[in-house]
Amino acid sequence: MPTFKLDDKTIPFEPGDTIIQAAHKQGIEIPHYCWHPGLSIAANCRMCLVEILPAKDQRPLTLDILEWDPVAKDYRAVKKPKLQPACQFAATENMEVLSDLSDHVKKARAAVQEFLLLNHPVDCPICDQAGECKLQDYWLEHQKTQKRMLDEPVHKPKAVSFGPTIVYDAERCVMCTRCIRFFDEVAHDPVLDMRERGNLNEIFVAPGRQLDNKYTYMADWVCPVGALTTKDFRFKARVWFLRSVKSVCQGCATGCNTYLDYDSRFNRTYRYRPRENEAVNKYWMCDDGMVSYKAAHEDRVLEPRVEGKTSSLGVALEAAKKKLDGVPRDSIAIVYSAQHSLEDNWALRELGKTLIETDRAFWSGAPDGYEDKILIHKDKNPNTAGVKQLVESAKPFSALVEGLASGAIKHVIALGGATPSTKEEADAAATALGKAETINTNPTHHGALTQAAAIVLPASSWAEASGTYVNFKGIRQQSDKAIESQGSSKPAWQQIGLLARALGYEASWTKLRDIRTRLSGLGEGNAPVHTTITDPHSTEAP
Amino acid sequence: MIKYTNYLTTTYGQPEGWKLPAYEKLCHGYDTARKVLTTMTREAVVDEAKKANLRGRGGAGFPMGVKWSFMRPHPTKPAYLVVNADEGEPGTHKDRTIMEKNPHSVVEGCLIACYGIGAHVAYIYVRDELHLAKRRLEEAIAEARARGFVGKTPFGSSYPVEVYVHTGAGAYICGEETSMLNSLEGKRGEPRLKPPFPAQAGSFGCPTTVNNLETIAAVPTMFNLGCDAFSKMSALHDMKDGGVRLFGVNGHVKKPQIIELAVGVTIREMIYDIGGGVLGDKDVLAVIPGGSSTPILRPQETVHAPDEKNPMHPWHGKSVFDVPLGVDTMRGVGTMLGTCCVTVMAEGTDPVLAFQNLMQFYKHESCGQCTPCREGSGWLDRTLKKILAGKASMKELDDLSDIASNIMGNTICAFGEGTAMPAMGFLQKFRPELEAYVRGEKKGKDARLTVSFEASEQAAE
């Protein structure tokens, strides 16, 4: 691979890479606002200017500038090299680039910083971006001087509603055009553009439109400053109080990589942030996914229930034992859940196949929905592929409904609360589930199964437990625990262990590690395993 | 050295000089284009054009023939000629006269240039405000089309050429070639990143040559005289700055005008011989040699080139006003030739107000795409307004050079330099005047850009 020199480091590059790209791949960041690895090159912020040393036989390209000499009381004509934007300039073999080591580059960066902050309101105390704002970070790294212009800055529109989700502040905007390029190039809905000119420039929504496509939240995330913020997160939290874990979106089978930001003081999730993974979601997420962090707190089942009445865990387990003791194993159906992790489903398989020894396996999940060609998959479950890898023989939920209707199945041990169906199917399912003598389920959320269940053992949601999910491409990804389990919920694999013991079996797992070891061989040979490629630069945890 | 010529301006002042009959009678009609399209090969056209040493008339002074030679036939994409007639540089008003008074030279130039660069379509991008110019161009194209000069088979050749007039929407930045291409395509007029250069990917992503309108208008003359002979009319032929061009003089002179001369005239000749001297016979305060982006020159400046190898050596020790106006000679005295339209300021003009006036223009016209230009031009203007209002501190005056230096070279297009260079010129040459404002010795309300010239008026009467 050819290489070039960046300061004192040797950087390999693929032909066609720009300097900033090649450096980015090596984990070296050249400061930038407008450049984004997933968008076209705009080279308008001029923050990434670097000095390219002339080759041996080349004359240096210099510019005449003027310096005021306060001692001599006169101007001094000096020369400076022509700097080049690293985001635009292609890397070439043996090229020598100065970034942090060049005084000219340092001066140019400080100057660009100063220019960007010239008419900026510097309203960090009331700005949601504060704490994760590039203007703040780069001020500290590259400027650190006070503002020289002390007059009233240029005023522009503030708190402009761009649509149902996004608010725009033109005074904070650095005109990097990332948002414009994102909606044009990635979302394929060129709804934003720039109007006016010079320092009156502002981003606007196409006349007659709103920013209302399926990817509006990305406006916030491509924006390097506080110009675009989401109505959802505005004024909700200061980011330095939030903690982050690497999570996987539960919204569909794409399995977008995210950071789940939460406040441990209140045990609450606050938002998702897209996490870079070239193989899955690149740098993006859809709106439905972005708001699905709320599922950790909405519509949850948090207490054990017996026959519709809230009870203690001990009472519920006792009731399960009473109901299931001695029933023919053929009449017991095991229902896996595409909404649950591999670990939870593995525990259920241990209970069903190894201990109870029933062959009646089904799976449930959320119904199919909207899909597009960008990120959104029609399968609204995060782990359908995982369940299919784990229990190849699992039949769809409709087969369970038939089994229940015919009376062949009388008892159900299930994971999850949702059912995949249309309105008619939902009614059929409800009738069929009503015929069952016992339904024992471990749901995180309310749903048809939860509704019909005689015994409910509440399970922790993905936000409260570490779990592994297999997306539709067969990529296995781990989602980490953020908040503590709420109410009396426990991770489903733990609940199932307790149920197994209550039913008199010897459950072989007590720790997550036990399950992970046993799962390690699963899916190998037919799919890539655990390829979470994360990038520490673009979407790092605060 | 003044050498009057009359090629581009033959039809100027003639009755209906903008119409085809006048053009045929006075300017060889379309004979040159006929000869080129029917007897020469494409390569021969480019080789011949190179000999003319015609430096682009738009301001950058890039050799036209060399630019044409960058055009390589693309396997699938067509090529385009785009003619830059978005003349908006303050102090520049030459292209407009050609469009209004000799539009057929432009159309004929388009035919030859299209043939030379392998294009079949030429777009003439005209500044919106030039209504007469647009009408005359359109009429000329219609006349040429009616005669079969423009269209499917010009002069019976099998080389179709179409010429279209496209109107801008009134933005100075659209005179920048890539910005113009964006505007031509219906996009926001913002300069593009280079590379790729227009010759690789220009209008609609296709190979494109962008030439100034005067450059194109000179093409028929060039080919009619023979390109080498054309070049040799210039006193700066040896510096590869050939031919004849339109010179303009404006500002505080008695006879502001546009005139065709061979390259080689000096600023002093422009002021006193062409311009008829300064209004009221005052002294010259300063001169902007070729449009507002070119740094200002003062009469007391002299050329310093003691080294005999220095191309500026012949003028060593002389006043900058006695150096011929050429692309490289003006660069040699620290400014630019630009568009060759000399703006004269008489003694009594307030240079600080002139400076602020220019910076207000650049602030207003900055497209705002890249940071240094967007914010820097506004900052310069704001500080100068404060200086004029007597509200600025000496520190703020000191900062001006730093702001300009921080814009210089750090922008996407040359607009940044176009702002910073004149700013640095004014700062360097008019520091005492600026300080006088800061100290409160002068007041903005007394500042004037016009000078009183009753004396000369009386003399003229």
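Each protein sequence line maps, in turn, to chains S and E.
Per my numbering, the first sequence starts with residue 1, numbered consecutively.
Per my numbering, the second sequence starts with residue 1001, numbered consecutively.
From the three backbone atoms N, C-alpha and C, an ideal C-beta is built for every residue, glycine too.
Owing to the predicted nature of the structure, the values given are computational and were not obtained by experimental measurement.
_Alpha-carbon to alpha-carbon, residue 74(S) and residue 108(S)_ = For the pair residue 108(S) and residue 74(S), the Cα-to-Cα distance works out to about 23 angstroms.
*asked:* Checking the sheet assignment: what are the DSSP bridge partners for residue 442(S)?
replied: 415(S)
*asked:* So that I know if they touch, is there some Cβ in chain S lying closer than 8 angstroms to that of residue 1074(E)?
replied: Chain S, which has no Cβ nearer than 8 angstroms to the Cβ of residue 1074(E), makes this no.
_According to DSSP, simplified to helix, strand and coil, what is residue 24(S)?_
Helix.
*Using the Cα positions of residue 1264(E) and residue 1320(E), report the straight-line distance between them to the nearest angstrom.*
For residue 1264(E) and residue 1320(E), the gap between their C-alpha atoms comes out near 13 angstroms.
*List the residues of chain E that residue 41(S) touches, going by C-beta distances under 8 angstroms, in chain order.*
Residues of chain E passing the Cβ test: 1193.
*Hey, could you find the ends of the alpha helix (DSSP H) residue 1023(E) is sitting in?*
1020 to 1026
*Quick one: what's residue 194(S) bridged to in DSSP?*
DSSP lists 203(S) as partners of residue 194(S).
*Secondary structure, beta strand (DSSP E): runs of 3+ residues fully inside the stretch 1186 to 1256 of chain E*: 1208 to 1212 and 1244 to 1251
_Between the stretch 1244 to 1253 of chain E and the stretch 1111 to 1127 of chain E, can you find at least three pairs of beta-carbon atoms closer than 8 angstroms?_
no
*Host beta strand (DSSP E) of residue 262(S) (start-end)*: 257 to 263
*Which word fits residue 1001(E), buried or exposed, when buried means at least 16 other C-beta atoms lie within 10 angstroms of its C-beta?*
exposed
*Of all Cβ atoms in chain S, is any one closer than 8 angstroms to the Cβ of residue 1179(E)?*
no
*Starting from the C-beta of residue 288(S), find all residues in its chain whose C-beta is less than 6 angstroms away, skip the five residues before and the five after it, and write them out in chain order.*
251
*For residue 343(S), count neighbouring C-beta atoms within 10 Å of its own C-beta (all shown protein chains included) and say buried if the count is 16 or more, exposed if not.*
buried
*Partners in chain S for residue 1412(E), counting only beta-carbon separations shorter than 7 angstroms*: 43 and 44
*Using DSSP with H/G/I as helix, E/B as strand and the rest coil, what is residue 1062(E)?*
coil
*Express the C-alpha separation of residue 225(S) and residue 114(S) in angstroms, rounding to a whole number.*
15 angstroms
*Say whether chain S places a C-beta atom closer than 8 angstroms to the C-beta of residue 1367(E).*
yes
_For residue 1369(E), the first and last residue of its enclosing beta strand (DSSP E)_ = From DSSP, residue 1369(E) is part of no beta strand (DSSP E); its letter is neither H nor E.
*asked:* Contact criterion: CB-CB distance below 8 angstroms. Does residue 1422(E) meet it with respect to chain S?
replied: no
*Measuring alpha carbon to alpha carbon, tell me which of 1191(E), 1437(E) and 1346(E) ends up nearest residue 1275(E).*
1346(E)
*Tell me residue 467(S)'s beta-bridge partners as DSSP assigns them.*
Residue pairing by DSSP puts residue 467(S) in a beta bridge opposite 479(S).
*When you compare each of 1059(E), 1122(E), 1056(E) and 1050(E) to residue 1065(E) by their alpha carbons, which one comes out closest?*
1050(E)
*asked:* Taking beta-carbon pairs under 9 angstroms, can you tell me which members of the stretch 1329 to 1341 of chain E lie near chain S?
replied: 1334
*Could you tell me whether any Cβ in chain E is nearer than 8 angstroms to the Cβ of residue 148(S)?*
yes
_So residue 151(S) contacts chain E; which residues on that side make the cut at Cβ distance below 7 angstroms?_
1382
*Does DSSP classify residue 1162(E) as helix, strand or coil?*
Assigned with DSSP and collapsed to three states, residue 1162(E) falls in strand.
*For residue 1398(E), return the contacting residues in chain S, with the cut-off set at a CB-CB distance below 9 angstroms.*
Here the neighbours are 68 and 70.
*Would you mind reading off the limits of the alpha helix (DSSP H) that contains residue 114(S)?*
Taken as a continuous stretch (DSSP letters only), the alpha helix (DSSP H) holding residue 114(S) covers 103 to 118.
*Roughly how many angstroms lie between the CA atoms of residue 58(S) and residue 92(S), to the nearest whole one?*
15 angstroms
*By a C-beta neighbour count over all protein chains shown, 10 Å radius and 16 as the cutoff for buried, is residue 235(S) buried or exposed?*
exposed
_Once DSSP output is grouped into helix, strand and coil, what is the label at residue 1102(E)?_
Correct three-state label for residue 1102(E): coil.
_is_contact[residue 1428(E), chain S] using C-beta, thresh 8 angstroms_ = yes
*Alpha carbon to alpha carbon, what distance is there between residue 1157(E) and residue 1229(E)?*
For residue 1229(E) and residue 1157(E), the distance between alpha carbons rounds to 27 angstroms.
*Using beta-carbon positions only, say whether residue 177(S) and residue 42(S) come within less than 8 angstroms of one another.*
yes
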